[in-house]
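Colleague: Each residue of the sequence shown is one higher than the one before, counting from 3 in our numbering.
By construction, the Cβ of each residue, glycine as well, lies at the ideal position given by its N, Cα and C atoms.
Since this is a predicted model, take the numbers as computed values, not measurements.
Following this message is one structure expressed as structure tokens.
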Amino acid sequence: MPKKEFSNTGGVPQALLRRYVAYLKLEKGLSANTLDAYQRDLQKLLNYYSDEGISFREVTLAELDHFASRLIDLGLEHRSLGRVLSGVRAFYRFLVLEDEMETDPTELLDSPKLGKHLPDVLSMSEIDLMEQVIDVSVGEGTRDRAIIEVLFSCGLRVSELCNLKLSQLFLNEGFIHVHGKGNKDRLVPISPAAIRELEHWFEVRNGISIKPGEEDYVFLSLTRGKHLSRITVFYNIKKYAAAAGIQKNLSPHTLRHSFATALLEGGANLRAIQAMLGHESISTTEIYTHVDRQHLREEILLHHPRNRKKNEPVKNN
């Protein structure tokens, strides 16, 4: 049995959830760690049901697809999303097995194709538009403009940004030290523009009453004196994008994608981008090559000898 009940049942009876966990433990023989992971993943679905007012018995495939899209918006990577959706399917298979449901709404629910997702990206002009709508006459605006610049300049994950410490900044040298996924560290260059925005933020930050233990965090809540949550950063970026009239489906991860795309378009090789993003595998980084395909096609059409006009002279190099 679980050590504690689900914090939010999303309308699913707690007794039914306990039966499901017992099924996973006793009949499926899951280890304690795997069982805990299944519960955490299912909690994401239950929270979604609660937020959207959806009945677990009447959920549609479209609503489950929306649930998956929301997780991507919140920065969940596709490998992790695949694991969550696998847990969702297991839950509904159990409900059918127990005659709690007649049909399984997850039968046609697709898992993400690893390496195939082409993320939305922002152009430089769109990032400029977002920054222009921020009111830097207030402290939150100064902070949020610095956040956008650091995310775009350094390609950080939102968790890396929220946990960034003053002791990790080496601004005179033009680098920051990032403690990333899997306890792996990397050094990432930071642009002069991002450094300027950080310096403006530090002027505001110096006047904040900071909670004990929070003194080393870079980005803080002006009212609570504690480091920011991922949800706060997510909400603010969506807010500024809407104010700037940007219609794309954005999240903090979009700025990370935009960073990688800008590097690739500027001529950086994939290995360099992989190192700066902190990807363990080059295959993860290769999703960004899609953005250069149109440019590559134009270059081939322009320069390949088979594409020259019949009477066009051949240039000698």
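#1: For my contact list, D146 and N238 are in at a C-beta cut-off of 8 Å; report their separation, rounded to the angstrom.
#2: Along the chain, where does the beta strand (DSSP E) that runs through I188 open and close?
#3: Given this structure, state the Cα-to-Cα distance separating Y40 from T11, to the nearest angstrom.
#4: Which one of Q134, Y22, H255 has the shortest CA to CA distance from A245?
#5: Could you name the residues of the same chain whose beta carbon sits closer than 6 Å to that of S9, not counting the 5 residues immediately before and after it, in chain order?
#6: Are the stretch 28-38 and the stretch 59-73 touching, with three or more C-beta to C-beta distances below 8 Å?
#7: Let me know the beta strand (DSSP E) ranges lying completely inside the stretch 202-277, each 3 residues or longer, listed in chain order.
#8: According to DSSP, is V180 part of a helix, a strand, or is it coil?
#9: Can you tell me whether T144 is buried or exposed? The criterion is at least 16 other CB atoms within 10 Å of its CB, across all chains shown.
#10: Assuming K167 and V220 are in contact, meaning their beta carbons sit under 8 Å apart, how far apart are those beta carbons, in whole angstroms?
#11: Rounded to a whole number of angstroms, what is the C-alpha to C-alpha distance between L63 and Q249?
#12: Assuming contact is defined by CB atoms lying nearer than 9 Å, are G140 and H255 in contact in what I supplied?
#13: In this structure, does DSSP put L124 in helix, strand or coil?
#14: Taking the DSSP output, what are the residues bridged to K30?
#15: According to DSSP, what are the bridge partners of F172?
#16: Restricting to Cα atoms, I'd like to know which of E104, V61, E79, R258 is closest to V90.
#17: Under the rule that 16 or more other beta-carbon atoms within 10 Å means buried, what is S57, buried or exposed?
#18: Among residues of its own chain, excluding the 5 on either side of D43, which ones have a beta-carbon nearer than 7 Å to its beta-carbon?
#19: Report the rounded CA-to-CA distance for A24 versus L99, giving the unit in angstroms.
#20: Using DSSP bridges, identify the partner residues of K167.
#21: Does the distance from the CB of V206 to the CB of I149 come in under 9 Å?
#22: Whole angstroms are fine: how far does the CA of H202 sit from the CA of P1?
#23: Nearest-angstrom Cα distance between H229 and M103?
#24: If you follow the alpha helix (DSSP H) that D146 is part of, which residue opens it and which one closes it?
#25: If you draw a straight line from the alpha carbon of L2 to that of D106, how long is it in whole angstroms?
#26: So what does DSSP say about I96, is it helix, strand or coil?
#27: Applying the 10 Å Cβ sphere with the 16-neighbour rule, what's the burial state of I233?
#28: Residues in the same chain with beta-carbon distance under 6 Å from R258, minus the five sequence neighbours each way, listed in chain order, please.
#29: Apply the 10 Å Cβ neighbour rule to E151 and answer buried if 16 or more other Cβ atoms are within range, or exposed otherwise.
#30: What's the C-alpha gap between Q45 and Y94?
#31: If distances are taken between C-alpha atoms only, which option among G13, Q170, F172, L28 comes closest to S52?
#32: Rounded to whole angstroms, what is the Cα-Cα separation between K182 and A17?
Modeller: Per the coordinate set shown:
#1: Working through the sequence shown from its first residue, we reach residue 146 at position 144. Working through the sequence shown from its first residue, we reach residue 238 at position 236. The pair is a contact, with the Cβ atoms about 5 Å apart (cut-off 8 Å).
#2: Working through the sequence shown from its first residue, we reach residue 188 at position 186. In the sequence under discussion, the amino acid at residue 188 is Arg, which differs from the Ile named in the question. R188 -> beta strand (DSSP E) spans 187-191.
#3: Position 38 of the sequence shown, counted from the first residue, corresponds to residue 40. Position 9 of the sequence shown, counted from the first residue, corresponds to residue 11. For Y40 and T11, the distance between alpha carbons rounds to 14 Å.
#4: What you label residue 245 is simply residue 243 of the sequence shown in a count that begins at 1. Checked all of Q134, Y22, H255; the closest Cα to A245 is Q134.
#5: For this step, residue 9 is matched to residue 7 along the sequence shown. If you ignore the 5 residues before and after S9, its C-beta comes within less than 6 Å of no other C-beta in its own chain.
#6: These segments do not touch.
#7: Qualifying beta strand (DSSP E) stretches: none in this window.
#8: Taking the sequence shown and counting its residues from 1, one reaches residue 180 at position 178. In the displayed model, V180 falls within a strand according to three-state DSSP.
#9: Here residue 144 corresponds to residue number 142 of the sequence shown, with the count starting at 1. The residue in question, T144, is buried, as its Cβ has 16 or more Cβ neighbours within 10 Å.
#10: The residue you call residue 167 lines up with position 165 of the sequence shown. The residue you call residue 220 lines up with position 218 of the sequence shown. Right, their Cβ atoms sit about 7 Å apart.
#11: Working through the sequence shown from its first residue, we reach residue 63 at position 61. Working through the sequence shown from its first residue, we reach residue 249 at position 247. Each residue's Cα considered, the two are about 24 Å apart.
#12: Here residue 140 refers to the residue found at position 138 when the sequence shown is read from its first residue. Here residue 255 refers to the residue found at position 253 when the sequence shown is read from its first residue. The sequence shown places Val at residue 140, not Gly. Their beta carbons are not under 9 Å apart, which means V140 does not touch H255 by this criterion.
#13: Start at 1 with the first residue of the sequence shown, and residue 124 comes out as number 122. In the three-state DSSP reduction, L124 falls in the coil class, being neither helix nor strand.
#14: Within the sequence shown, residue 30 is the residue found at index 28, counting from 1. In the DSSP output, where bridge partners are listed per residue, K30 has none listed.
#15: On the sequence shown, position 170 is the one that residue 172 refers to. Its beta-bridge partners are F177.
#16: The residue given as residue 90 occupies position 88 in the sequence shown. Out of E104, V61, E79, R258, V61 has the C-alpha closest to the C-alpha of V90.
#17: On the sequence shown, residue 57 is found 55 positions in, with the first residue counted as 1. Exposed, because fewer than 16 other Cβ atoms sit within 10 Å of the Cβ of S57.
#18: For the purposes of this step, residue 43 is taken as the residue at position 41 of the sequence shown. For D43, where only same-chain residues beyond five positions count, the Cβ hits under 7 Å are R85, V86, G89.
#19: As a working mapping, residue 24 is identified with position 22 in the sequence shown. As a working mapping, residue 99 is identified with position 97 in the sequence shown. Straight-line spacing of the CA atoms in A24 and L99 works out to 14 Å.
#20: Mapped onto the sequence shown, residue 167 falls at position 165. Answer by DSSP bridge pairing, in chain order: Y219.
#21: Within the sequence shown, the letter at position 204 stands for residue 206. Within the sequence shown, the letter at position 147 stands for residue 149. Contact flag unset, no.
#22: The structure shown has nothing for residue 1, since the chain only spans 3 to 319.
#23: The residue given as residue 229 occupies position 227 in the sequence shown. The residue given as residue 103 occupies position 101 in the sequence shown. It is roughly 44 Å from the alpha-carbon of H229 to the alpha-carbon of M103.
#24: Translated into the one-based positions of the sequence shown, residue 146 becomes position 144. First-last of the alpha helix (DSSP H) with D146: 141-156.
#25: Outside the shown range of the chain, which is 3 to 319, sits residue 2, and nothing can be said about it.
#26: In the sequence shown, residue 96 corresponds to position 94, counting from 1. Looking at the sequence itself, residue 96 is Phe, so the reference to Ile does not match. Here F96 sits in helix by DSSP.
#27: As a first step, residue 233 is located in the sequence shown; it is residue number 231 there, counting from the start. Flag for I233 reads exposed.
#28: Here the question's residue 258 lines up with position 256 in the sequence shown. Once the five neighbours on either side are set aside, the close Cβ partners of R258 are G157.
#29: Walking along the sequence shown from the start, residue 151 turns up at place 149. Taking a 10 Å sphere around the C-beta of E151, we find 16 or more other C-beta atoms and assign the residue as buried.
#30: Sequence index remark: in the sequence shown, residue 45 carries index 43 (1-based). Sequence index remark: in the sequence shown, residue 94 carries index 92 (1-based). So the two alpha carbons sit approximately 14 Å from each other.
#31: By 1-based counting over the sequence shown, the position of residue 52 is 50. Relative to the Cα of S52, the nearest Cα in the group G13, Q170, F172, L28 belongs to G13.
#32: Locating residue 182 in the sequence shown gives position 180, counting from the first residue. Locating residue 17 in the sequence shown gives position 15, counting from the first residue. In the sequence on display, residue 182 carries Gly and not Lys. In a straight line, the C-alpha of G182 is about 39 Å away from that of A17.
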